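All residue numbers in the sequence shown are consecutive under my numbering, ending with 260.
We treat Cβ as the ideally placed atom computed from N, Cα and C, and that holds for glycine.
Only a predicted model underlies this, so the values are computations on that prediction, with no experimental measurement involved.
First the structure, in the form of structure tokens, and then the observations on it.
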Amino acid sequence: MSLENQSSVSEFLLLGLPIRPEQQAVFFTLFLGIYLTTVLGNLLIMLLIQLDSHLHTPMYFFLSHLALTDISFSSVTVPKMLMDMRTKYKSILYEECISQMYFFIFFTDLDSFLITSMAYDRYVAICHPLHYTVIMREELCVFLVAVSWILSCASSLSHTLLLTRLSFCAANTIPHVFCDLAALLKLSCSDIFLNELVMFTVGVVVITLPFMCILVSYGYIGATILRVPSTKGIHKALSTCGSHLSVVSLYYGSIFGQ
Numbered sequence: 003m004s005l006e007n008q009s010s011v012s013e014f015l016l017l018g019l020p021i022r023p024e025q026q027a028v029f030f031t032l033f034l035g036i037y038l039t040t041v042l043g044n045l046l047i048m049l050l051i052q053l054d055s056h057l058h059t060p061m062y063f064f065l066s067h068l069a070l071t072d073i074s075f076s077s078v079t080v081p082k083m084l085m086d087m088r089t090k091y092k093s094i095l096y097e098e099c100i101s102q103m104y105f106f107i108f109f110t111d112l113d114s115f116l117i118t119s120m121a122y123d124r125y126v127a128i129c130h131p132l133h134y135t136v137i138m139r140e141e142l143c144v145f146l147v148a149v150s151w152i153l154s155c156a157s158s159l160s161h162t163l164l165l166t167r168l169s170f171c172a173a174n175t176i177p178h179v180f181c182d183l184a185a186l187l188k189l190s191c192s193d194i195f196l197n198e199l200v201m202f203t204v205g206v207v208v209i210t211l212p213f214m215c216i217l218v219s220y221g222y223i224g225a226t227i228l229r230v231p232s233t234k235g236i237h238k239a240l241s242t243c244g245s246h247l248s249v250v251s252l253y254y255g256s257i258f259g260q
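Pasting the structure below:
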């Protein structure tokens with residue numbers, strides 16, 4: 003059944019950020035600068051990894067995919083938000099809204115799986131250093147990334163297909179800067195029990211289980227570090243995990259902080 007037959011709403015209104023008109027130019031410049039920095043910074047990371055043969059390791063292989071994901075994730079929402087900041091009528095077509103939601107969920111989930119793969123890489127590097135090259139071979143790295151993409155696609159597709167079966171009767175105002183799934187479900191005049199059930203189930207698989215895997219990995223890493231006799235060895239072990247821990251904190255902090 004076509005999308006048009008599922009909804010009488012042809013577009014949604016995005017309320018966006020609560021910014022006064024005289025402040026829009028400042029915030030537009032700020033967010034544009036942040037967006038360009040994010041895109042150019044991640045492109046630089048990908049380029050350096052590609053050009054430097056010393057960076058052709060499992061850790062940087064995952065990092066290059068994470069950089070690509072971050073660029074895509076930002077590009078799903080920020081350009082539309084910037085356009086809306088320059089217009090008075092902040093609307094988005096129904097089909098565009100569904101597409102934006104699909105890719106937002108897709109890249110959010112992909113981030114989760116890639117971060118988890120990186121945690122496993124750090125676990126092997128610190129807890130099994132002598133077997134690192136044997137365990138983290140190229141085939142395994144490609145497999146982990148491929149599974150991450152497939153699971154993310156399945157997760158996002160399940161939410162999207164279930165959403166297209168809902169009807170949107172009159173209310174069409176989304177109190178957000180993009181088409182958020184939870185906000186869209188609140189606007190629907192159909193029964194959303196199945197959608198909420200899938201949200202919970204998929205959330206456990208995509209967010210909770212990977213987070214637990216990361217905690218277990220760092221539990222073993224912490225236990226291994228405590229057995230290292232020298233301070234230099236401890237510092238070296240911590241330095242290899244510091245940046246990844248920062249990413250984990252930012253990612254899951256933003257999710258659990260909602």
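Kindly give me the distance between the Cβ atoms of residue i and residue j, rounded to whole angstroms, as I take these residues to be in contact under 8 Å.
| i | j | result |
| --- | --- | --- |
| Phe106 | Phe180 | 6 Å |
| Met87 | Phe30 | 5 Å |
| Ile223 | Tyr125 | 6 Å |
| Ser169 | Phe108 | Actually they are not in contact, since the Cβ atoms of Ser169 and Phe108 sit about 24 Å apart, beyond 8 Å. |
| Leu57 | Leu50 | 7 Å |
| Leu183 | Met85 | Rounded, the Cβ-Cβ distance is 21 Å, inconsistent with contact. |
Quick one: what's got a C-beta closer than 8 Å to residue i's C-beta in the same chain, skipping five residues either side?
| i | result |
| --- | --- |
| Asn174 | Val11, Glu13, Phe14, Leu15, Leu189 |
| Leu70 | Asn44, Met48 |
| Leu5 | Residue placement at Leu5 cannot be trusted, given a pLDDT of 48 that sits under 50; the coordinates are not used to answer. |
| Ala121 | Cys215, Ile216, Ser219, Tyr220, His246, Val250 |
| His161 | Met103, Tyr104, Ile107, Leu183, Asn197, Val200, Met201, Val204 |
| Pro212 | Ser114, Phe115, Ile117, Thr118 |
| Met138 | Pro60, Asp123, Val126, Ala127 |
| His133 | Val126 |
| Leu164 | Leu196, Asn197, Val200 |
| Ser248 | none |
Return the bridge partner residues of residue i from the DSSP annotation.
| i | result |
| --- | --- |
| Val176 | The residue asked about is misnamed: residue 176 is Ile in this sequence, not Val. Leu16. |
| Ile209 | Answer is none; Ile209 lacks a bridge partner. |
| Leu95 | Glu13 |
Can you list, in chain order, the residues of its chain with a C-beta nearer than 6 Å to that of residue i? Leave out the 5 residues immediately preceding and following it.
| i | result |
| --- | --- |
| Leu68 | Leu116 |
| Leu252 | none |
| Leu17 | Pro177 |
| Ser271 | Because the chain here runs from 3 to 260, residue 271 falls outside it and cannot be looked at. |
| Lys90 | none |
Using 8 Å as the threshold, is the C-beta distance between residue i and residue j below it?
| i | j | result |
| --- | --- | --- |
| Ser158 | Asp111 | yes |
| Ile73 | Val28 | no |
| Ala148 | Thr242 | no |
For the alpha helix (DSSP H) containing residue i, list its first residue and its last residue.
| i | result |
| --- | --- |
| Thr59 | No alpha helix (DSSP H) contains Thr59, which DSSP labels as neither H nor E. |
| His161 | 140-166 |
| Ile297 | Given that the chain is displayed from residue 3 to residue 260, the structure contains no residue 297 and the question cannot be resolved. |
| Lys188 | 183-189 |
Going along the chain, which residues of its own chain have a beta-carbon closer than 7 Å to the beta-carbon of residue i, five neighbours each way excluded?
| i | result |
| --- | --- |
| Ser150 | Leu112, Phe115, Leu116, Ser119 |
| Val208 | Asp111, Ser114, Ser157 |
| Phe63 | Cys143 |
| Val80 | Phe33, Tyr37 |
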